[in-house]
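First up is the structure itself, then whatever we jot down about it.
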Amino acid sequence: MNKFVLLFLSFMILSLTSANAAIYKGQRVFIKRCLPCHKDGQNFVSKYKMKHWKKLMKKKGKPLAQLHLKSEKAKKSWKYFKSKRYAKKSKHLKQFLVEYAKDSGNVPACN
Numbered sequence: 052m053n054k055f056v057l058l059f060l061s062f063m064i065l066s067l068t069s070a071n072a073a074i075y076k077g078q079r080v081f082i083k084r085c086l087p088c089h090k091d092g093q094n095f096v097s098k099y100k101m102k103h104w105k106k107l108m109k110k111k112g113k114p115l116a117q118l119h120l121k122s123e124k125a126k127k128s129w130k131y132f133k134s135k136r137y138a139k140k141s142k143h144l145k146q147f148l149v150e151y152a153k154d155s156g157n158v159p160a161c162n
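Once you know that position 20 of the sequence shown is 71 in the numbering used here, the rest is easy, because the numbers rise by one and skip nothing.
This is the structure we're talking about:
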């Protein structure tokens, strides 16, 4: 019985941790997709507070996508923000942006 409970708990912990977003994956997305336009990476991420990033990344990042889709300056990124890939990876990007927000006390290394 104890082995079964231990095995079950181990499985649950592993399944929960694998479903969570990963900061390093969000950093990869930021470097690949955001850094070409937002060249001042570290300053850009730490420009806003956690609450602001969470607000922009609600509903799989739709508010952030809308912000980019309304801007002519962001025309190069429109295809990405309309894609399923963005919606799929937005949880990782959110985790990264919130982790290194202005009021987090953390400093990203975007190099």
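Ideal placement from N, C-alpha and C gives every residue a C-beta, glycine not left out.
Asked                                                                                                                                    : Found
Could you check which residue in C88, K145 and Q146 has the C-alpha nearest to that of K124?                                             : C88
The alpha helix (DSSP H) that contains V80, what's its start and end?                                                                    : I74 to V80
How should T68 be labelled, buried or exposed, when 16 other C-beta atoms within 10 angstroms of its C-beta is the threshold for buried? : Note that T68 has pLDDT 46, beneath the 50 cutoff, so the model's placement of it is unreliable and no number is given.
Three or more C-beta pairs under 8 Å: does that hold for the region 136 to 156 against the region 78 to 95?                              : yes
Could you compute how far the alpha carbon of K130 sits from the alpha carbon of L115?                                                   : 14 Å
Report the three-state DSSP secondary structure of A152 (helix, strand or coil).                                                         : coil
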